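The next block holds one structure in the form of structure tokens; read it before the comments.
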Amino acid sequence: MIALLGLGFYGCMPINRFERNVQIPQNKWFYSFTPEISFDITDTTSLYNVFVNLRHTDAYAYRNIWLEIETRRPADSLFQKERFELNLQQPDGQWMGTGYADIWEVRHPLFSGIQFKRSGTYTVRLRQIMRDDPLAHVMNAGIRVEKINQ
């Protein structure tokens, strides 16, 4: 009974973090595959950090990945495009992020301390724009949004 009451209370608490990662089919990211992630913002007075997440194997062939990130705000019909370089290795060749066995995950800030001006649904599309099509050994790509506690 106490556990159920705890779950009911937890269900009423505001969510201060959103994260969604999309699996790359067969770990081969084709140009045509563009994960699309939507999230809702209700609090336009708070500040947020937005991150790009990427999971890859240690067989990934490059030190970085170039992404085209498209964003659409609530009530907008068009996406805004931006190129973004995500470094995956340190200068000494060590993978960045956290690793387990041959899998590595990196979370990189896209926006820090931003304030969303409109409430509603925001949509982000991720597209790899490297030379390889498909880009091998990429497992997941995603977005994380965290409300900054003030």
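So for the sequence shown, the numbering used here puts the first residue at 1; every next one is plus one. By construction, the Cβ of each residue, glycine as well, lies at the ideal position given by its N, Cα and C atoms. On a predicted model such as this, the values are computed, not experimentally measured, just so you know.
Inter-residue spacing [alpha-carbon to alpha-carbon] between residue 58 and residue 36: 25 Å
By Cβ distance below 8 Å, which residues in the same chain neighbour residue 118 in space, the five residues on each side in sequence not counted? 41, 44, 73, 74, 75
Roughly how many whole angstroms lie between the Cα atoms of residue 33 and residue 130? 13 Å
For residue 21, write down the residues that DSSP places opposite it in a beta bridge. 142
Please report the residue range of the beta strand (DSSP E) in which residue 40 lies. 36-41
I believe residue 147 touches residue 77 by the beta-carbon criterion, under 8 Å. Please report the beta-carbon distance rounded to the nearest angstrom. Not quite, the Cβ-Cβ distance comes to about 27 Å (not below 8 Å), so this is no contact.
Note down, in chain order, each residue of its chain lying with its Cβ closer than 6 Å to the Cβ of residue 105, except the 5 sequence neighbours on either side. 55, 97, 98
When the distance is taken between beta carbons, is residue 113 closer than 9 Å to residue 60? no
Separation of residue 122 from residue 18, as counted between CA atoms: 12 Å
When DSSP builds the beta bridges, which residues end up paired with residue 79? Per DSSP, none; premise fails for residue 79.
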